[in-house]
Each structure stands twice: as structure tokens, then as C-alpha cells.
Amino acid sequence: MRLATILALLPCAALAQDPIDGEMQRCLDGASSTMEMRTCVMAAADAWDGALNDAYRAAMGERDAAGKAALREAQRAWLAYRDGDAAFRGQDFQFGVDGTIKQLELDEAGLSVVRARAMLLRGYISR
């Protein structure tokens, strides 16, 4: 995926629905270099990681012992997937020739993995 593709996708309505992505979009709108864009994406990734942890704790708090064990097992499996995917992305950059744009694309891919899990966990919480 090229930077133009990423930037075309970022302002979509789905991203505007969450404050984390809204803040990332505001940051990207003001960015004038790839490094500044990476800073925006990484800040959003950190925020999504926090949202994921908050949602996990909340979902665990609503479960009985069997539900907690099942969610914990699912989360551990997801963490293994996330880590394996990140290791692969690291190799992809290591051998790539696309420069800093490639790293931005890989940063956004990592953010997407965490965002998707955080949103799924949010769906496990009764409100």
C-alpha cells in the first residue's frame, strides 16, 4: 500500500467516528514530512493500545470465571498473532527498498491490527 492510498483511507467516516482516529487525522493534516506522519500514526497506535487494554479490563470485569478464562486465552492467542505479525513487518522493512514511506505503511498496518482488536473487545462490553 502506498502513502497516497493510506492518506486516501484515513479521512473516511469510519475513522472520524473514534476520537483517537480523529486526533490522528488532525495530526496528519498538519504533518509536512514522513517522520511527522509517523509520529502521528505512532501516537494513535499508543492511544489504541491503551483503549485495547481498557476494553480488555472492562470485558474481563463482566465475565464469570469461565468467561474470564476463555477471554484470557483468546487474548493470549491474539497477542501471539500481533507479535508474529509485527516480526514479519519488521522483516518486510528490513528487506524493502521503499524507504521511509514503507515504514509509514508498516506503522499503519500495526495500528490497524491493534485498532481492530480494541474495537472487537469494546463490543464485548455491555453498556
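With the first letter of the sequence shown counted as 1, position 63 gets the number 49 in our numbering; the numbers rise by one all the way through. Positions of the beta carbon are idealized from the N, C-alpha and C atoms, including for glycine. Given the structure is predicted, the values throughout are model-derived calculations rather than measurements.
Residue range Gly85 to Gly109 is occupied by the alpha helix (DSSP H) that includes Arg101.
Secondary structure at Ala17: coil, using DSSP grouped into helix, strand and coil.
The beta carbons of Asp71 and Val99 sit about 6 Å from each other, so the pair counts as a contact at 8 Å.
Separation of the CB atoms of Asp7 and Ala30 is rounded to 7 Å, and the pair is thereby assigned contact status at 8 Å.
Closest in alpha carbon position to Trp64, among Ala102, Asp4, Thr20 and Met10, is Ala102.
Distance from the Cα of Ala33 is smallest, within the candidate group Gly47, Arg43, Gln89 and Met10, for Met10. The Cβ neighbour count for Tyr42, taken over all protein chains shown within 10 Å, is at least 16; the residue is labelled buried.
A distance below 8 Å between beta-carbons, with the five flanking residues on each side excluded, links Cys26 to the following residues of its chain, in chain order: Met10, Cys13, Leu14 and Ala17. Tyr110 places its beta carbon less than 7 Å from that of Ala45.
An exposed status is given to Glu48, since fewer than 16 other beta-carbon atoms sit within 10 Å of its beta-carbon. The three-state reading of DSSP puts Arg49 in coil, since its state is none of H, G, I, E or B.
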